[in-house]
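Novice:
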Amino acid sequence: MILFIHRKDLRIQDMPAFEYITQREVPSLHTFIVDPAIIGQGRHVEHSGIQFLRTLSKLVELYKHDGLTLHLLYGDPIEITHDLVQRYPVQEIVVHEDYTPYSRERDGKLERVAAQRNISFTSLPDQPLIDWEDFHRFAERTDAYKVFTPFYRKWKAYMDLFFQPPVFTDVNELQTVALDSEVLDKYSLPFLIPNSSIDEPSVRLQDFIEDDLDSYERYRDYYSEEGTSHLSSALNTGAISSREVYAAVLHLPQAESWRRQLAWRDFYLYQSHQDPVFYSYENRFDLSALNDFHFEAWSQGNTGIPVIDAAMRQLNQTGYLPNRLRMITAMFLTKNLLCPFSLGEAYFRIKLADYDHALNRGGWLWCSSLGYDASPYFRIMNPVTQSQKFDPHGRYLRDWLPELAHLEGKALHQPHPQAIVDLKGSRLQAIEVYRGILQTSKSQPLTDNSFPRHHQVK
Ligand SMILES: Cc1cc2nc3c(=O)[nH]c(=O)nc-3n(C[C@H](O)[C@H](O)[C@H](O)COP(=O)(O)OP(=O)(O)OC[C@H]3O[C@@H](n4cnc5c(N)ncnc54)[C@H](O)[C@@H]3O)c2cc1C
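If you read the sequence shown in the numbering used here, its first letter stands for residue -4, the second for the next number, and so on.
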């Protein structure tokens, strides 16, 4: 019997693992382990947890619909796996690869559990569009790409030749096994899973292609237009595969700009694997010049800068924020307010319905001028001019800040007199502080207390 553990692959179509399992022609036990270390500490009632659990609930329905069984178990993945392989005749554990430090450590332990019992452990790639080793061979490189543009050029050439289209597996060929009630009771969930009312991702994809793709390049940053796909949470929970999404726009010339965004996704996943310090930049630089004085005001949308407050309201209420507003709010927090990026990163982790560790960290590193292809430390976005440029009629501000709706023209975008920070002065100060921070790059990780470690995220 094969033990298959779902992770960020909450779907039944285009599943490399299913293709693998059906080829083995043995029964398989399908589980999702709700790990308190990931979904605990109240996250199950926040946007990011709710979205994930809804998608999970949908997955259970999809299994049932096809006459298959998926078991949701709650607890430590190592302990549960250990228990399952003792109770059932498991010959092999199969998972899709995951790249965060927590997942790598967990999978290392799972591999050891398997090895102790002479069970094979198979981990198959699924999340990125490209196979990194193959990509490096194709590009004739041994070192990683550090800058997006050359990466993208090669990525495009590689995809033109080697794109692996979605795999079709007849799920009826799977012979899923049911667990005993004793095991189910032992690992039952301590909370109710929210209902499965999520958008069907393939329908959303088609709607986007029909309605918004043509104007995507022009309007993607004009956040009041809502002209982007909103597929990020489906991509990150794995409700739809990146291959299915890419295949749908493969031959559409007007999709170039959108495919480029999918390449950004791959670039961050790639960095998270290739950059040895991707998850530990906070230990490479001395961030002790930063502080958390204004963090609360930022997170609650009480800064007195309209675009920041409107964006944080949208995030807190809906769990979504358009890319341009993620950049503006993140840069404002890290630069104008001089807060460590990790505070904002941890906040987005809880609030974003499309949260992904690598993509979120990539975005925060970019805004705080750390990481491979980061924004130069002296180029600091001005939230007022950004707001005037990308929301010229103030529609977004009026929607989210109705108390300002009476203001006209440029006045709507201006900071309140009691704003928590002066944009000009704080910009100049941030340039000085970040110039200093970037000079502190250490070849060895810092071991002192210069960084608030409790904000590091999984
Ligand atoms: C500080 C910060 C934090 C972020 N955190 C996350 C996160 O946790 N999860 C997440 O999915 N995205 C994150 N992003 C990237 C981006 O903002 C979202 O992917 C995008 O807004 C999702 O909306 P969409 O699906 O309509 O995107 P579209 O514009 O329709 O793009 C299609 C897909 O391309 C990918 N993509 C688009 N923009 C980017 C980008 N800048 N970087 C990487 N991939 C991109 C996403 O998978 C997206 O769904 C972050 C960006 C910043 C600046």
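Here a beta-carbon is modelled for each residue, glycine too, at the ideal position from N, C-alpha and C.
(1) Determine the DSSP secondary structure at S236, reduced to helix, strand or coil.
(2) Looking only at its chain, what residues have a beta carbon closer than 6 Å to the beta carbon of E92, apart from the 5 residues adjacent to it on each side?
(3) Please determine if the region 76 to 88 and the region -4 to 13 are in contact, where contact requires at least 3 C-beta pairs separated by less than 8 Å.
(4) Using the rule of at least 16 other Cβ atoms within 10 Å of the residue's Cβ for burial, across every protein chain shown, is E221 buried or exposed?
(5) By how many angstroms is the C-alpha of G35 removed from the C-alpha of G314?
(6) Could you please give the first and the last residue of the uninterrupted beta strand (DSSP E) stretch that includes E403?
(7) Is it right to say L68 is buried, meaning 16 or more other beta carbons lie within 10 angstroms of its own, or is it exposed?
(8) So what does DSSP say about F(-1), is it helix, strand or coil?
(9) Could you please give the first and the last residue of the uninterrupted alpha helix (DSSP H) stretch that includes S98?
(10) What are the start and end residues of the alpha helix (DSSP H) that includes V302?
(11) Taking 8 Å as the cut-off, is the CB of Y69 close to at least one heavy atom of ligand 1?
(12) Could you give the distance in angstroms between the alpha-carbon of M322 and the alpha-carbon of G62?
(13) Pull up the DSSP beta-bridge partners for L119, would you.
(14) Considering only the beta carbon of each residue, do T329 and W359 sit closer than 9 Å?
(15) For P72, count neighbouring Cβ atoms within 10 angstroms of its own Cβ and tell me buried if that reaches 16, exposed if not.
(16) What is the DSSP secondary structure of L407, reduced to helix, strand or coil?
(17) Identify, in the order they occur along the chain, each residue of the same chain with its Cβ nearer than 8 Å to the Cβ of R199, setting aside the five sequence neighbours on each side.
(18) Please report how far the alpha carbon of H131 lies from the alpha carbon of Y350, in whole angstroms.
(19) Within its chain, find whatever has a CB closer than 6 Å to the CB of I7; leave out the 5 residues flanking it on each side and keep chain order.
(20) Excluding sequence positions up to five away, which residues of its chain have a Cβ less than 6 Å from the Cβ of P335?
(21) May I have a chain-ordered list of the alpha helix (DSSP H) segments no shorter than 4 residues that lie completely inside the region 192 to 216?
(22) Expressed to the nearest angstrom, what Euclidean distance is found between the alpha-carbon atoms of Q170 and L24?
(23) In angstroms with no decimal places, state the Cα-to-Cα distance between P387 and L316.
(24) Does the Cβ of A325 lie closer than 8 Å to at least one heavy atom of ligand 1?
(25) If distances are taken between C-alpha atoms only, which option among Y94, E398, E100 and D216 comes closest to R356?
(26) If you pair each beta-carbon of the region 295 to 307 with each one of the region 239 to 259, do three or more pairs fall below 8 Å?
(27) How far does the alpha helix (DSSP H) with F290 in it extend, from its first residue to its last?
(28) Mapping the DSSP letters down to three states, classify T435 as helix, strand or coil.
(29) Does the region 389 to 406 come close enough to the region 260 to 272 that 3 or more CB-CB pairs lie under 8 Å?
Specialist: Taking the definition as stated:
(1) As a working mapping, residue 236 is identified with position 241 in the sequence shown. The answer is coil: DSSP assigns S236 none of H, G, I, E or B.
(2) As a working mapping, residue 92 is identified with position 97 in the sequence shown. Answer for E92: S118 and P120, listed in chain order.
(3) yes
(4) As a first step, residue 221 must be located in the sequence shown, where it is residue number 226. That one is exposed.
(5) Numbered from 1 along the sequence shown, position 319 holds the residue referred to as residue 314. Numbered from 1 along the sequence shown, position 40 holds the residue referred to as residue 35. When rounded, the distance between both Cα atoms is 18 Å.
(6) If you number the sequence shown from 1, residue 403 lands on position 408. Segment: none, E403 is in no beta strand (DSSP E) and carries neither H nor E.
(7) Residue 68 sits at position 73 when you count from the first residue of the sequence shown. L68 comes out buried.
(8) As a working note, residue -1 is residue 4 in the sequence shown. Looking at F(-1) - three-state DSSP - the assignment turns out to be strand.
(9) For this step, residue 98 is matched to residue 103 along the sequence shown. From DSSP, the alpha helix (DSSP H) with S98 extends over P96 to Q111.
(10) Mapped onto the sequence shown, residue 302 falls at position 307. Element bounds for V302: P301 to T313.
(11) Here the question's residue 69 lines up with position 74 in the sequence shown. Flag unset: Cβ of Y69 not near ligand 1.
(12) Start at 1 with the first residue of the sequence shown, and residue 322 comes out as number 327. Start at 1 with the first residue of the sequence shown, and residue 62 comes out as number 67. Rounded to the nearest angstrom, the two C-alpha atoms are 44 Å apart.
(13) For the purposes of this step, residue 119 is taken as the residue at position 124 of the sequence shown. According to DSSP, L119 bridges with H91.
(14) What you label residue 329 is simply residue 334 of the sequence shown in a count that begins at 1. What you label residue 359 is simply residue 364 of the sequence shown in a count that begins at 1. Yes. Within cutoff.
(15) Position 77 of the sequence shown, counting from 1, holds the residue named residue 72. Buried.
(16) What you label residue 407 is simply residue 412 of the sequence shown in a count that begins at 1. Helix at L407.
(17) Start at 1 with the first residue of the sequence shown, and residue 199 comes out as number 204. Result list for R199: S224, H225, L226 and A229, in chain order.
(18) For the purposes of this step, residue 131 is taken as residue 136 along the sequence shown, with counting starting at 1. For the purposes of this step, residue 350 is taken as residue 355 along the sequence shown, with counting starting at 1. Rounded to whole angstroms, H131 to Y350 spans 28 Å at the Cα level.
(19) Working through the sequence shown from its first residue, we reach residue 7 at position 12. The answer, listed in chain order, is L57 and V166.
(20) Along the sequence shown, one-based indexing puts residue 335 at 340. Within the same chain, P335 has close Cβ partners L282 and L285.
(21) 196 to 206 and 211 to 214
(22) On the sequence shown, residue 170 is found 175 positions in, with the first residue counted as 1. On the sequence shown, residue 24 is found 29 positions in, with the first residue counted as 1. Spanning the two alpha carbons is a distance of roughly 8 Å.
(23) Start at 1 with the first residue of the sequence shown, and residue 387 comes out as number 392. Start at 1 with the first residue of the sequence shown, and residue 316 comes out as number 321. The alpha-carbon atoms of P387 and L316 are separated by roughly 18 Å.
(24) Residue 325 sits at position 330 when you count from the first residue of the sequence shown. Checking every heavy atom of ligand 1 against the Cβ of A325, one is found closer than 8 Å.
(25) As a working note, residue 356 is residue 361 in the sequence shown. For R356, the nearest C-alpha among the options comes from Y94.
(26) no
(27) The residue labelled residue 290 in the question sits at position 295 within the sequence shown. Segment F290 to S294, the alpha helix (DSSP H) holding F290.
(28) On the sequence shown, residue 435 is found 440 positions in, with the first residue counted as 1. In the structure shown, T435 sits in coil (DSSP, three-state: anything other than H, G, I, E or B).
(29) no
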